[in-house]
Amino acid sequence: MGAKQNYDDISSSAAWRTFMALSVSLDGLPPERRERVTETMQIVEARFIDTMSEFYEGLLSVFGRRVRDGLTLRHIATAGTAVVEGVAERRFLGAQILSEPVMWPGLDGEPVEWHMASIGFLAVIENMTEPID
Numbered sequence: 748m749g750a751k752q753n754y755d756d757i758s759s760s761a762a763w764r765t766f767m768a769l770s771v772s773l774d775g776l777p778p779e780r781r782e783r784v785t786e787t788m789q790i791v792e793a794r795f796i797d798t799m800s801e802f803y804e805g806l807l808s809v810f811g812r813r814v815r816d817g818l819t820l821r822h823i824a825t826a827g828t829a830v831v832e833g834v835a836e837r838r839f840l841g842a843q844i845l846s847e848p849v850m851w852p853g854l855d856g857e858p859v860e861w862h863m864a865s866i867g868f869l870a871v872i873e874n875m876t877e878p879i880d
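Residue numbers (the working numbering): 748 to 880.
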């Protein structure tokens, strides 16, 4: 599933780890530098969310789903990103549960191995979208 691939990609990305480390250390920067770094990070984040929103728009149409009223694709992209990145952060803390396979039904109804990032992302999609009538 795509969420597992995203998890694998960010978990192995030095750039992502650097971005996350910088984001949690912003308060330690001098005010003038903090403002400039924050603005740059916000631009990077907005571009990423825009890209993911476009991707999810196509994905939802393939699966016959639409965004629920009151939400946008940006909400879905932000929540989905938070879930996948949160699971990736647990990996760096040595969370054993991430190495435990979860057997759940796949698209054909047969049991397949699911990753926690995929389960969390599915929860986002199922709760923030609805079937197209």
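Every residue, glycine too, gets a C-beta built ideally from N, C-alpha and C.
- For Thr-876, the enclosing beta strand (DSSP E) stretches over residues 876 to 878.
- Pro-878 places its beta carbon less than 8 Å from that of Arg-812.
- Ser-772 and Ala-829 have their C-alpha atoms some 18 Å from each other.
- One thing to note: Tyr-803 has its Cβ within 8 Å of the Cβ of Ala-824.
- In this structure, Val-871 keeps its C-beta atom at 8 Å or more from the C-beta atom of Asn-753.
- In the three-state DSSP reduction, Glu-857 falls in the coil class, being neither helix nor strand.
- For Arg-821, the enclosing alpha helix (DSSP H) begins and ends at 820 to 839.
- Less than 8 Å divides the Cβ of Pro-848 from the Cβ of Glu-860.
- DSSP places Pro-778 in the helix class (H, G or I) of the three-state scheme.
- In the displayed model, Arg-815 falls within coil according to three-state DSSP, outside both helix and strand.
- Closest by C-alpha distance to Gly-853, out of Ala-842, Ser-865, Ile-844, is Ser-865.
- Separation of Glu-873 and Glu-782 (C-alpha to C-alpha, rounded to the nearest whole angstrom) is 37 Å.
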